[in-house]
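A.B. asks:
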Amino acid sequence: MVSLPSPTVVDPMQPRPFRVARAIRETADVVTLELEAQTGPPLRFQPGQFTMLYVFGVGEVPISISGDPQKPERLVQTIRRVGPVTEALCKLRKGEVVGVRGPFGSHWPLEQARGHDVVMVAGGIGLPPLRPAIYHLLHHRQDYGRVYLLYGARTPRDLLFPEELKRWQYTLSHAPGATPVRVTVDRAEGDWDGAVGLVTSLIPPLPINPSRTTALMVGPEVMMRFTIAELRKRGIPEGNLYLSMERNMKCAVGFCGHCQLGPHFICRNGPVLAFPQVRDWITRKEV
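According to this note's numbering, the sequence shown is numbered sequentially starting from 77.
1. Give the straight-line distance between the Cα atoms of Y220 and V134, rounded to the nearest whole angstrom.
2. Can you name the residues that DSSP bridges to E239?
3. Is it the case that the Cβ atoms of E136 and K326 are separated by a distance below 9 Å?
4. Could you tell me whether the Cβ atoms of L282 and G228 are closer together than 9 Å?
5. On the three-state DSSP scale, how would you describe V51?
6. Nearest by alpha-carbon distance to Y318: which of C343, P347, G311 and P296 is it?
7. Count the other CB atoms, across all protein chains shown, that sit within 10 Å of the CB of E322; report buried if there are 16 or more and exposed otherwise.
8. Excluding the 5 residues preceding and the 5 following M89 in the sequence, name in chain order all residues of the same chain whose CB lies nearer than 6 Å to its CB.
9. Go ahead and label I100 buried or exposed: buried means 16 or more other beta carbons lie within 10 angstroms of its beta carbon, across all protein chains shown.
10. Buried or exposed, going by whether 16 or more other CB atoms sit within 10 Å of the CB of V85?
11. Tell whether a beta-carbon distance below 9 Å holds between P208 and D144.
12. Hey, how far is the Cα of P93 from the Cα of R120?
13. If you drop the 5 nearest sequence neighbours on each side, which residues of the same chain put their C-beta closer than 7 Å to that of V161?
14. Using the DSSP secondary-structure output, state which residues sit across from S140 in a beta bridge.
15. Drop a sphere of 10 angstroms on the beta-carbon of F331, count the other beta-carbons inside from all chains shown, and report buried for 16 or more, exposed for fewer.
16. May I ask you to verify whether the stretch 253-270 touches the stretch 175-190, counting CB pairs closer than 8 Å and requiring at least 3?
17. Flag this pair as touching only if the stretch 238-254 and the stretch 335-343 have three or more C-beta atom pairs under 8 Å; answer yes or no.
18. Going by beta-carbon coordinates alone, are T154 and V223 separated by less than 9 Å?
19. Please say whether V173 and L109 have beta carbons closer to each other than 9 Å?
20. With 16 other CB atoms within 10 Å as the buried threshold, where does P365 fall?
21. Less than 7 Å between C-beta atoms, sequence neighbours within five positions excluded: which residues of the same chain meet that for I304?
22. So what's Q353 in DSSP terms, helix, strand or just coil?
23. In whole angstroms, what is the alpha-carbon distance linking R243 and L214?
24. Which same chain residues end up closer than 8 Å to V354 when comparing Cβ atoms and leaving out the 5 residues on each side of it in sequence?
25. Residues in its own chain within less than 6 Å of R95 by CB, not counting five upstream and five downstream?
26. Between which two residues does the alpha helix (DSSP H) carrying I304 extend?
27. Report buried or exposed for P117, applying the criterion of at least 16 other Cβ atoms within 10 angstroms of its Cβ.
28. Taking 6 Å as the limit between beta carbons, can you name the residues of its chain near A271, skipping five residues before and five after?
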């Protein structure tokens with residue numbers, strides 16, 4: 077007797093159709109898409125996870141989810157134009173359809189971080205993968221200590237979600253006069269009167285309890301290496317440092333091996349990994 081697959085089993089390699097409900101131009105080369113499922117339930121996810129977005133006739137790329145986990149009715153993805161597929165995604169308009177697989181991967185350890193101070197460090201397009209974690213912290217603000225977002229971009233024109241950055245300045249605050257959102261740019265332009273320099277320069281003055289601090293970081297690997305070094309100087313335990321790694325993911329389920337980093341497949345074991353898991357690999361060039 078032939079056993080037929082259950083109709084409730086979801087094939088992780090089969091894209092679901094999602095329609096573009098809204099396309100938001102964030103910067104010259106970054107677009108946020110708000111997508112709605114055309115079949116089946118909304119896509120529920122954990123902060124830090126990603127999807128595979130498929131543009132029919134062009135190709136597929138991994139993109140971190142940047143929306144609110146408590147509002148799954150719209151799948152929010154923020155995309156920077158860096159190649160043919162992302163260029164096609166950035167050109168999509170309301171009503172057009174894309175394929176979505178996922179969600180995939182590990183997530184930020186927000187449950188384990190309850191009661192801790194939380195430091196989030198983002199470089200450039202690294203802010204969108206942290207945005208769901210920020211939403212979670214806002215929904216459960218009383219469960220955490222001091223919360224800080226340190227964000228660095230190339231220029232003021234490259235800053236993402238500027239209106240939300242202003243709101244988070246107040247909603248993440250733990251005390252009157254606190255400055256939970258700290259922003260710096262590599263190069264000042266126009267009337268910019270904020271900090272100029274590397275995002276790591278924002279770490280030394282943070283008033284945190286190192287032994288009870290969890291740090292989350294996303295950005296270029298060189299940025300994360302220097303960020304880890306600064307956080308370790310502050311006395312934060314290695315096991316409390318978490319990174320979101322980026323590799324050339326193709327299948328998203330650990331079959332193809334494109335995203336292997338040492339013993340890990342970033343699509344399956346990551347993208348969020350504790351620093352001790354990747355210590356021996358992230359410090360090696362060309363790995």
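We put the CB at the ideal spot given by N, CA and C, even for glycine. Source: prediction; values computed, not measured.
C.D. replies: Here's the rundown:
1. 43 Å
2. BP columns for E239 are empty, so no partner.
3. yes
4. no
5. This structure leaves residue 51 out entirely; the chain is present only between 77 and 363.
6. P347
7. buried
8. none
9. exposed
10. With a pLDDT of only 47 at V85, under 50, the local geometry of the prediction cannot be trusted, and the value read off the model is given with reservation. Answer is exposed; the Cβ neighbour count stays below 16.
11. yes
12. 15 Å
13. V131, V134, G135, E136 and V137
14. F126
15. exposed
16. no
17. no
18. no
19. no
20. Examination of residue 365 is not possible in this model, given that the chain is present from 77 through 363 alone.
21. L317 and F351
22. helix
23. 11 Å
24. L319, M321, L337, G338 and H340
25. E112, Q114 and V173
26. E297 to K309
27. exposed
28. T260
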